[in-house]
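Protein chains: 2
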Amino acid sequence: MSVTAAIGFSAAGVAAGIKPDALDVAVIVADAPSPTAGVFTLNQAAAAPVVLDRESLGRSALKRGIVINSGCANAATGDQGIANGVAMAGTLADQIGCERGDVLVSSTGTIGPQLPMDLVLPGIRSAASRRSPTEESATLAARAILTTDSVVKQSVVRSNGWVVGGMSKGSGMVRPNMATMLAFLTTDALVEPTVLNDILRAAVEVSFNSLNIDGCESTNDSVIAMASGASHIVPDHDEFAAAMEEVCRDLALQMAADAEGTSRVVTINLTGGADDADSRALGRTVADSALVRSSFYGGDVNWGRILGALGTSAIDIDPGRITVEYEGVVVFERGMGAGFDEAALLETIETGDFSITIDMGSGDGRARVVTTDLTPEYVAFNGERS
Amino acid sequence: MSVTAAIGFSAAGVAAGIKPDALDVAVIVADAPSPTAGVFTLNQAAAAPVVLDRESLGRSALKRGIVINSGCANAATGDQGIANGVAMAGTLADQIGCERGDVLVSSTGTIGPQLPMDLVLPGIRSAASRRSPTEESATLAARAILTTDSVVKQSVVRSNGWVVGGMSKGSGMVRPNMATMLAFLTTDALVEPTVLNDILRAAVEVSFNSLNIDGCESTNDSVIAMASGASHIVPDHDEFAAAMEEVCRDLALQMAADAEGTSRVVTINLTGGADDADSRALGRTVADSALVRSSFYGGDVNWGRILGALGTSAIDIDPGRITVEYEGVVVFERGMGAGFDEAALLETIETGDFSITIDMGSGDGRARVVTTDLTPEYVAFNGERS
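So the protein lines, in turn, are chains A and B. Under the working numbering, the first residue of the first sequence is numbered 1499, with each subsequent residue one higher. Under the working numbering, the first residue of the second sequence is numbered 1499, with each subsequent residue one higher.
What follows is the structure, given as structure tokens:
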């Protein structure tokens, strides 16, 4: 039930007509102004809704709602795009009785075209009037934010008297101009805006930001969390952080598993970096490599490419101290290939998901990065004209 | 005739048996100690020959010869790999009557295995004894350095009394563990080692370093130039630099055209960057993007992905000042998609090579980056087990 699992929220998803035959407008509404935090793309060509939400959260961290559309990214749309984003927020605000500045906006879909506002605004009014705290409404909202995703992505973690729920969309940039990952979390725990913000940032770092499907941060990527406080319970800090992290990780794994045109999810455990940040950066360098990911597709044990990828990092490495394991089998150590039963290992990783552990031998840092293989189908998808 | 076009050089290519049925050992020998310069991979997991050549050139810039093998990269081979590289240089030195330190070494092929020295050393002796200044010998050498290349790559530029010639190998990292690009240039112009070094570095920057096939610098990449001075002519500095650049560019284009599993070469002209270095970095960011290169494969006009890629750069950009043209047709300007005859443009770029111009609107910098499309065939190649 995702975003309505926590008390104090209602949601809806409707078909406004932006997309031919699918739900395309969603709203999430809090009963009262609620602490809200957002983490947004670092892409310098950020879409209009990202620009607007950053400004809005800079003014105030208390929000009433979020309005989301799929089918059009409202990116690279100039001043008209900004005006359209403002009108979306204003329309939901009018319906729920708050200021325009109390509503955030998210969009996902094709980059370039302007939003068909004659369809979008009536859609928002319809969604606002249909919103409810039911599981059905939350699922319709989760469906309305999808683009090329094949399944709805929702997750809930319940604790002592409070709940964290969330929904997301994204499955790799599998169609031209369909770039974005969006995630929305709600909780009824009673938390300060700054605490919510810090915990969300940390959770995003180890989940969505550790998920690599196409090595690219899109124009629209956004993760937004709202805390209604309706449980009246102040959660234990670490317990709350763990719950937020679990929901984010779960949603990220659902996205990896749904990456169209990929055949497996590969988890890269990077240990022994100077610190966690270095470990994460090194893990991403491996996860970003088209050559490494092609070898995952073929089920090849190709530690040479892993080493080659690590060697391109800006972080100092010492190949002589690196150990590489596939599914627990050491394949490279002390600067050279290790002796191992190649036939047995190839059989182990022939199909399905697997994991690699890379130990840098330099410190106590560690990170886990999830990626997918790069397949001919992926490229064929991405080569199709929009 | 490439490396023997200049006076004062001999060459040979032989089949030593490292590869099943192909030439795999080449030598280039100067009649006398000659100013020599090298540009090597920045990959931190550099192969043994790269480590050895860097040290050797650090001691002295005067060299007598280069010994090259294909079929084995001598990379990730530890101390044994270093010893093998030293033995290769020593064997050629013995044959041509010089010190081991007067000979450079290059290898290309599979990462990991040790060189079969019982085959390599007799091969080097055979190559040394067969070397000659003929066109045939140069072409055999050019053939002996190939791995997955489908054609020999050679280039010659003649000027007033002096010549620059070169050969190269590399066609994208199209087979597992077959990573490297190698290029060897010779000239009979009379130039100082420091001048040769500066001019080689500049030429590599605008040619091989602007060529993007897999966005990855391998463990073995090397470009080496030798100047015999046998023409006794001190060339005009700019004229010599232009000739070196032309040979490097020509070899780089031959490599791009030979990239297996790709269907077209796309030239990205990046203008209006703050300076040339920024322009080159921005052009490479676009050329590195798997999503942009997938759209090239499909013949799609996908300026959204180009903008998204530029947005991920560490260099500040202003989307509102960027203009993007495909084959001279403006498709994006002033922050928005431009009106253009899409059907006509799609027909223009349906097949074959094309060019894109991206103007950043920020300065006078400019750069040209050559890349290829990313195809399902490329991924299928790279997914094959080694």
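No residue lacks a Cβ here, since even glycine has one placed at the ideal position from N, Cα and C.
Thinking residue i and residue j are a contact (beta carbons under 8 Å), I'd like their distance in whole angstroms, please.
i               : j               : result
residue 1560(A) : residue 1532(A) : 7 Å
residue 1859(A) : residue 1759(A) : Actually they do not touch by this definition, with Cβ atoms about 36 Å apart.
residue 1525(A) : residue 1626(A) : 6 Å
residue 1489(A) : residue 1784(A) : The question about residue 1489(A) has no answer, for chain A in this structure spans 1499 to 1884.
residue 1846(A) : residue 1831(A) : Actually they are not in contact, since the Cβ atoms of residue 1846(A) and residue 1831(A) sit about 19 Å apart, beyond 8 Å.
residue 1565(A) : residue 1505(A) : Residue 1565(A) to residue 1505(A), Cβ: 21 Å. No contact.
residue 1585(B) : residue 1615(B) : 6 Å
residue 1753(B) : residue 1683(B) : Contact doesn't hold; Cβ gap of about 14 Å is too wide.
residue 1576(B) : residue 1550(B) : With a Cβ gap of about 14 Å, residue 1576(B) and residue 1550(B) do not count as contacting.
residue 1756(A) : residue 1863(A) : Contact flag wrong, Cβ pair sits at about 30 Å.
residue 1787(A) : residue 1747(A) : Not confirmed; about 23 Å, so no contact.
residue 1721(B) : residue 1537(B) : 5 Å
Output needed for residue i: all residues of its chain with C-beta closer than 6 Å, excluding positions within five of it in sequence on either side, in chain order.
i               : result
residue 1667(B) : 1643, 1644, 1647 and 1680
residue 1517(B) : 1569
residue 1511(A) : 1521, 1524, 1638, 1639, 1641 and 1642
residue 1673(B) : Residue placement at residue 1673(B) cannot be trusted, given a pLDDT of 32 that sits under 50; the coordinates are not used to answer.
residue 1778(B) : 1865
residue 1676(B) : Its pLDDT being 37, under 50, residue 1676(B) is placed unreliably by the model, and nothing is read from it.
residue 1733(B) : 1660 and 1687
residue 1587(B) : 1598, 1601 and 1603
residue 1535(A) : 1694, 1695, 1698 and 1723
residue 1685(A) : 1504, 1662 and 1725
residue 1527(A) : 1508, 1563, 1594 and 1629
residue 1781(B) : 1766, 1768, 1865 and 1867
residue 1633(A) : 1499
residue 1654(B) : 1503 and 1663
residue 1807(B) : 1783, 1784, 1787 and 1790
From the DSSP output, read off the bridge partner residues of residue i.
i               : result
residue 1857(A) : 1769(A) and 1821(A)
residue 1872(B) : None, per the DSSP bridge assignment.
residue 1831(A) : 1834(A)
residue 1500(B) : Paired residue(s): none; residue 1500(B) is not in a bridge.
residue 1511(A) : 1524(A)
residue 1709(A) : 1868(A)
residue 1535(B) : 1723(B)
residue 1506(B) : According to DSSP, residue 1506(B) bridges with nothing at all.
residue 1826(B) : DSSP output for residue 1826(B) lists no bridge partner at all.
residue 1863(A) : 1771(A)
Once you ignore the five residues that flank residue i on each side, which residues in its own chain have a CB closer than 7 Å to its CB?
i               : result
residue 1802(B) : none
residue 1731(A) : 1659, 1660, 1687 and 1688
residue 1871(B) : 1760, 1761, 1762, 1764, 1791, 1794 and 1795
residue 1619(B) : 1585 and 1589
residue 1861(B) : 1770, 1771, 1772 and 1773
residue 1818(B) : 1832 and 1833
residue 1513(A) : 1520, 1521 and 1522
residue 1578(A) : 1612
Using only alpha-carbon positions, find the residue among the options that is nearest to residue i.
i               : options                               : result
residue 1716(B) : 1753(B), 1861(B) and 1543(B)          : 1543(B)
residue 1709(A) : 1529(A), 1521(A), 1550(A) and 1865(A) : 1865(A)
residue 1631(A) : 1813(A), 1529(A) and 1862(A)          : 1529(A)
residue 1729(B) : 1656(B), 1811(B) and 1751(B)          : 1656(B)
residue 1768(B) : 1867(B), 1793(B) and 1636(B)          : 1867(B)
residue 1789(B) : 1874(B), 1540(B) and 1537(B)          : 1874(B)
residue 1635(A) : 1554(A), 1748(A), 1811(A) and 1500(A) : 1500(A)
residue 1854(B) : 1556(B), 1538(B), 1820(B) and 1548(B) : 1820(B)
residue 1690(A) : 1558(A), 1665(A), 1818(A) and 1721(A) : 1558(A)
residue 1678(A) : 1827(A), 1515(A) and 1539(A)          : 1539(A)
residue 1617(B) : 1857(B), 1841(B), 1515(B) and 1665(B) : 1515(B)
Go through its chain and collect everything with a Cβ distance to residue i's Cβ below 8 Å, but skip five positions before and after it.
i               : result
residue 1596(A) : 1531, 1562 and 1563
residue 1574(B) : 1543, 1545, 1609, 1610 and 1717
residue 1829(A) : 1799, 1801, 1822, 1823, 1835, 1836, 1838 and 1843
residue 1848(B) : 1797
residue 1739(A) : 1697, 1700 and 1701
residue 1850(B) : 1762
Would you say the beta carbon of residue i is closer than 6 Å to some non-hydrogen atom of the ligand ATP?
i               : result
residue 1784(B) : The ligand ATP is absent from the structure shown, which contains no ligands of any kind.
### Query
Which runs of the alpha helix (DSSP H) spanning at least 4 residues fall entirely within the region 1615-1684 of chain B, listed in chain order?
1615-1628 and 1633-1642
### Message
To test your reading of the DSSP string, which unbroken alpha helix (DSSP H) runs of 4 or more residues are found completely within the region 1541-1612 of chain B?
### Response
1546-1557 and 1576-1594
### Message
List, from N- to C-terminal side, the beta strand (DSSP E) runs of 3 residues or more that fit wholly inside the region 1777-1821 of chain A.
### Response
none
#### Entry: beta strand (DSSP E) runs contained entirely in the region 1716-1765 of chain B, provided each spans 3 or more residues
1720-1725
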